[in-house]
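Residue numbers (the numbering used here): 12 to 562.
Glycine included, each C-beta is placed from N, C-alpha and C at the ideal position.
If you're wondering where the values come from, they're calculated on a predicted model, not measured in any experiment.
Structure, as structure tokens:
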């Protein structure tokens, strides 16, 4: 009779999950011994790196991923990026080793004291099988749970002595529909509201791209001639940013969003929450007279929405259904947003000039991975994403995602055979959270071009300090970090640039390099306003003291 381990690996094989991301610990060795030759183990030097890399691999490839962590300690290390995987809606099965069953009552060294709760609330299901024979069935239930809308991570704690136990048979595989429907019956009122609107706006979120609805979203916008906005703090775009109907990204303060939506009588949000607000900017969620309809595949998102009528449905299918239901409009299309003028060349490299240069030199089919929160404005302004599955970031706000995510995307590009160049745009502060990612990229010779924006500080926190009127907060400055030397220590190549006249040649070299290449760019550290030109008119402290609504 086969062992639990043998049945488990056969199940993974049938589910097309022959790649495992992880960082090996002693409690996982019984599961991984006699590792099958048709499987691949992607070793990361820290658990959070393994989770983020697997997350991005899943996002880019569309596959369910398996991450293997080391009991309670390794799960704790990974927790930040497990939260990111939850908000990223990543179908991920996390297995973590557990001590021997006969010893658990004594809570020996390396015991996961409460495996049901450790990963909560950032997983859809958490479980430790009651019997060794239940491990394969638990893994399939985890698979079914992970893929169903909204997709997300699940957590299995597996006692190390289960793996050599006899297992009667493989669990019966069955088809589980991963996506929700989007029937005409529930969307007919939405179509009628859109057809009757004088000035509608569509707000698309990353779930559009995740559910394969990129071109359906374009068709819907064009049938309506509606203004299109990107929802705030989305890790992926849901609509081409160079399309004439695209009006830009919504800011993240309530009062700022309200200002941006003035003039629309109907707003339909598809594939995003309503909304990811931050920082606190009090005001009305919508202009007076504006109605909102929210279409999401997450019942949790629809339940917590601050305003609007909600329909739980598949975002991509909803767009396609609405296209069928709607008549062609005679409404005049909104004016496209004007292109930004050529940036001026200054004595120092600005983020705006850097992104302008990257946009000019990069191949149009290259993939962008980013984690430079303090420069998101110029990034989205200069690097307009025009194709699906071409931009990846985190939906959570947890630092430590971008660097390993770039490696995960590159690995997926290799496995898919598309082999698009991956460009990773990172702040110098965020890079240090997961610096070990360079080693995995080097070991697998992943063609990632890392551009590290060095402003010697956590600039996003300085921007918050200005907004919150909180002077003299410590811990913002980051002197003495040489990321290129650190990357070279892990096996990567790289260089530095600080002169604007040398930037183009440095970027061309990095784009052409066949393996991982790190370019550290000294950039202007001037702070950018958190809420842009339409942000709050009064300071945060005055709003709190006076209870003002900044409209």
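Item, Value
"Residue 519 classed as buried or exposed, judged by whether at least 16 other C-beta atoms fall within 10 angstroms", "exposed"
"Three-state class that DSSP yields for residue 246 in the structure shown", "coil"
"Straight-line Cα distance separating residue 403 from residue 378", "8 Å"
"Minimum C-alpha distance to residue 325 - residue among 445, 316, 308", "308"
"Entirely enclosed beta strand (DSSP E) segments - the segment 126-180, minimum 3 residues", "164-170"
"Endpoints, alpha helix (DSSP H) assigned at residue 382", "Where residue 382 is concerned, there is no enclosing alpha helix (DSSP H), although the beta strand (DSSP E) it sits in stretches over 378-382."
"Bridge partners - residue 505, DSSP secondary structure assignment", "529"
"Supposed close pair residue 356, residue 279 - CB separation, criterion 8 Å", "That pair is no contact at about 42 Å."
"Where residue 14 falls: helix, strand or coil (DSSP)", "strand"
"Residue 324 (DSSP reduced to helix, strand or coil)", "coil"
"Through-space distance from residue 299 to residue 106, alpha-carbon basis", "50 Å"
"Start-end ranges of the alpha helix (DSSP H) lying completely within the segment 359-419, minimum 4 residues", "362-372, 387-393"
"The beta strand (DSSP E) enclosing residue 211, as first and last residue numbers", "211-215"
"Straight-line gap, residue 44 to residue 204 (C-alpha atoms, nearest Å)", "59 Å"
"Nearest candidate by alpha-carbon position, reference residue 144, set 448, 333, 176", "176"
"Every unbroken beta strand (DSSP E) inside the segment 249-325 [3 residues or more]", "257-260, 277-281, 302-307, 320-323"
"Cα-Cα separation between residue 421 and residue 293, rounded to whole angstroms", "41 Å"
"CA-to-CA distance, residue 508 to residue 161, given in whole angstroms", "43 Å"
"Paired residues, beta bridge with residue 435 - DSSP", "380, 461"
"Opposing strand residues paired with residue 33 [DSSP bridges]", "54, 79"
"As assigned by DSSP and simplified to three states, the class of residue 192", "coil"
"Of the listed residues 238, 268, 256, nearest to residue 244 (C-alpha basis)", "268"
"Under 9 Å between C-beta atoms of residue 396 and residue 515", "no"
"Cβ pair residue 506, residue 495 closer than 9 Å", "yes"
"Other residues of its chain near residue 38: CB distance less than 7 Å, five sequence neighbours each side excluded", "81, 82, 108, 109, 110, 121, 171"
"For residue 218, the first and last residue of its enclosing alpha helix (DSSP H)", "218-221"
"Own chain partners of residue 436 with C-beta closer than 6 Å, once the 5 adjacent residues on each side are dropped", "381, 383, 462"
"Separation of residue 116 from residue 457, as counted between CA atoms", "45 Å"
"Residue 289 versus 28, 471, 69, residue with shortest Cα-Cα distance", "471"
"Residue nearest to residue 211 in terms of C-alpha spacing, selected from 301, 261, 225", "301"
"Whether residue 418 touches residue 448 by CB criterion (9 Å)", "yes"
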